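*Asks:*
Numbering (this note's numbering), first residue to last: 4 to 350.
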């Protein structure tokens, strides 16, 4: 009787140790099957058709100040980034014979498509500036001057700068001439300068402290006012087109049992590209391995193609491929569950 009591714990102990070992290995094994790529995820917006353009050309807008506006627009578009990569590939043209408003002028869509073809781009930013002017009115103001504790009001020269800017930028699809973005932007400003001091301005701190808190600007001129109001209009467009992002993590499978040794080696190189921060090259390599989206027969590759679509912001396509993977993969897959949860959170 005593012997039986001693033997039971001895038999159970190895089984308990084995169970604990299996439980501890399960998460590690699951983690070993994936590489988690962290990035800034672009969220859907009203201008996804613009984001999907591989390249955008920017040409001088029709009307006064068109050259300057297009140069500022190209620079600001080029500066937009998603994570560590540019959001847009921008090409410019220093000058162009934009059609005027005559009967012989080609339709705007025809001109835009021709210009896009000339630049070798898939989209074109053009448009019209109908107002770009700064008027100057001089008047006599007053300043307080104090000497020996006696203060008096003395006259000083003052200038009132009134700026007006109206622009309608348009982005066309080169292939179809379809308008992807169009908006009329109006900017008016009033700036009072007395004795070299900015007393008031409706422009605010537009750039480089031009109208900062100290309101000091010795070199304030109509040209600098025009630069500020132009940049204000440009940044209004940039605010529309700047992608909204959030921090995201997407898991890619790193084991490919459906492939032979050579295929697994090539796919491992794609994972290395991911680890080096090049999802574009990695996804290109996945596609070269025979990827057909939801119809891809190799499930591990199909899953990674869905992950690529997710990273590229094509959430509907990604969800379709994930669901196709789910349909043909009967076993529980936590990576898939996480992916579907992520996509359900995207508004």
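C-beta atoms are modelled at their ideal positions from N, C-alpha and C, and glycine is treated no differently.
In this text the structure is predicted, and so the values were computed from the model without any measurement.
Does residue 60 come out as helix, strand or coil in the three-state DSSP assignment?
*Replies:* Here residue 60 corresponds to residue number 57 of the chain shown, with the count starting at 1. Strand.
*Asks:* Can you give me the Cβ contacts of residue 342 inside the same chain, cut-off strictly under 6 Å, excluding the 5 residues immediately before and after it?
*Replies:* Position 339 of the chain shown, counted from the start, is the residue given in the question as residue 342. Result list for residue 342: 325, in chain order.
*Asks:* Can you list, in chain order, the residues of its chain with a C-beta nearer than 6 Å to that of residue 187? Leave out the 5 residues immediately preceding and following it.
*Replies:* One-based indexing of the chain shown puts residue 187 at position 184. Same-chain partners within the cutoff: 171.
*Asks:* Any contact between the segment 222-229 and the segment 175-186? By contact I mean 3 or more CB pairs, one from each, below 8 Å.
*Replies:* Contact between the segment 222-229 and the segment 175-186 is absent, because fewer than three Cβ pairs lie under 8 Å.
*Asks:* Can the beta-carbon of residue 44 be found closer than 7 Å to that of residue 254?
*Replies:* Within the chain shown, the letter at position 41 stands for residue 44. Within the chain shown, the letter at position 251 stands for residue 254. No, they are not a contact pair.
*Asks:* For a quick check, are the C-beta atoms of residue 276 and residue 284 less than 7 Å apart?
*Replies:* One-based indexing of the chain shown puts residue 276 at position 273. One-based indexing of the chain shown puts residue 284 at position 281. Cβ distance < 7 Å, so residue 276 and residue 284 count as in contact.
*Asks:* Please report the Cβ distance between residue 157 and residue 148, rounded to the nearest whole angstrom; I am assuming they are in contact, meaning their Cβ atoms lie under 8 Å.
*Replies:* Here residue 157 is taken as the residue at index 154 of the chain shown, counted from 1. Here residue 148 is taken as the residue at index 145 of the chain shown, counted from 1. Contact flag correct, Cβ pair sits at about 5 Å.
*Asks:* Do the segment 309-325 and the segment 44-59 make contact, defined as three or more Cβ pairs closer than 8 Å?
*Replies:* Because the criterion of three Cβ pairs below 8 Å is met, the segment 309-325 and the segment 44-59 touch.
*Asks:* Can you check whether the CB of residue 134 is closer than 7 Å to the CB of residue 92?
*Replies:* Position 89 of the chain shown, counting from 1, holds the residue named residue 92. Position 131 of the chain shown, counting from 1, holds the residue named residue 134. Against a cut-off of 7 Å, the Cβ pair of residue 134 and residue 92 comes out as no contact.
*Asks:* Going by alpha carbons, who is nearest to residue 139 out of 122, 154, 164, 150?
*Replies:* The residue given as residue 139 occupies position 136 in the chain shown. Selected option, being the one with the closest Cα: 164.
*Asks:* Under DSSP, the beta strand (DSSP E) around residue 135 begins and ends at which residues?
*Replies:* Along the chain shown, read from residue 1 onward, the residue named residue 135 stands at position 132. First-last of the beta strand (DSSP E) with residue 135: 126-150.
*Asks:* Which value, in whole angstroms, describes the spacing of the CA atoms of residue 90 and residue 197?
*Replies:* Here the question's residue 90 lines up with position 87 in the chain shown. Here the question's residue 197 lines up with position 194 in the chain shown. In a straight line, the C-alpha of residue 90 is about 43 Å away from that of residue 197.
*Asks:* For residue 151, I'd like the list of residues in its chain whose CB is within less than 6 Å of its CB, leaving aside the five on either flank, ordered along the chain.
*Replies:* Counted from its first residue, the chain shown places residue 151 at position 148. Contacts found: none.
*Asks:* Which whole-angstrom value describes the C-beta separation of residue 61 and residue 95, a residue pair presumed to lie in contact below a C-beta threshold of 8 Å?
*Replies:* As a first step, residue 61 is located in the chain shown; it is residue number 58 there, counting from the start. As a first step, residue 95 is located in the chain shown; it is residue number 92 there, counting from the start. Yes, residue 61 and residue 95 are in contact; Cβ-Cβ is about 5 Å, under 8 Å.
*Asks:* Is there at least one non-hydrogen atom of the ligand SAM closer than 6 Å to the beta-carbon of residue 186?
*Replies:* Among the components modelled here there is no ligand, and therefore nothing to report on the ligand SAM.
*Asks:* Going straight from the alpha carbon of residue 70 to that of residue 42, what length do you get?
*Replies:* Along the chain shown, read from residue 1 onward, the residue named residue 70 stands at position 67. Along the chain shown, read from residue 1 onward, the residue named residue 42 stands at position 39. Cα to Cα, residue 70 sits roughly 36 Å from residue 42.
*Asks:* Secondary structure at residue 255, three-state DSSP: helix, strand or coil?
*Replies:* Residue numbering aside, residue 255 sits at position 252 when the chain shown is read from its first letter. Here residue 255 sits in strand by DSSP.
*Asks:* Less than 7 Å between the beta carbons of residue 64 and residue 123, yes or no?
*Replies:* For this step, residue 64 is matched to residue 61 along the chain shown. For this step, residue 123 is matched to residue 120 along the chain shown. Not a contact, by the Cβ cut-off of 7 Å.
*Asks:* Give the straight-line distance between the Cα atoms of residue 334 and residue 310, rounded to the nearest whole angstrom.
*Replies:* Taking the first residue of the chain shown as position 1, residue 334 is located at position 331. Taking the first residue of the chain shown as position 1, residue 310 is located at position 307. Answer to the nearest angstrom: the Cα atoms are 19 Å apart.
*Asks:* Determine the DSSP secondary structure at residue 244, reduced to helix, strand or coil.
*Replies:* As a position in the chain shown, residue 244 is number 241, starting the count at 1. Helix, per DSSP.
*Asks:* Please state if the CB of residue 204 and the CB of residue 256 are separated by a distance shorter than 7 Å.
*Replies:* The residue given as residue 256 occupies position 253 in the chain shown. The residue given as residue 204 occupies position 201 in the chain shown. No, Cβ-Cβ distance for residue 256 and residue 204 is not below 7 Å.
*Asks:* Work out the CA separation of residue 340 and residue 4 for me, nearest whole Å.
*Replies:* As a position in the chain shown, residue 4 is number 1, starting the count at 1. As a position in the chain shown, residue 340 is number 337, starting the count at 1. Residue confidence for residue 4 is low, a pLDDT of 44 falling below 50, so the modelled location carries little weight; the figure read from the coordinates is stated next. The alpha-carbon atoms of residue 4 and residue 340 are separated by roughly 52 Å.
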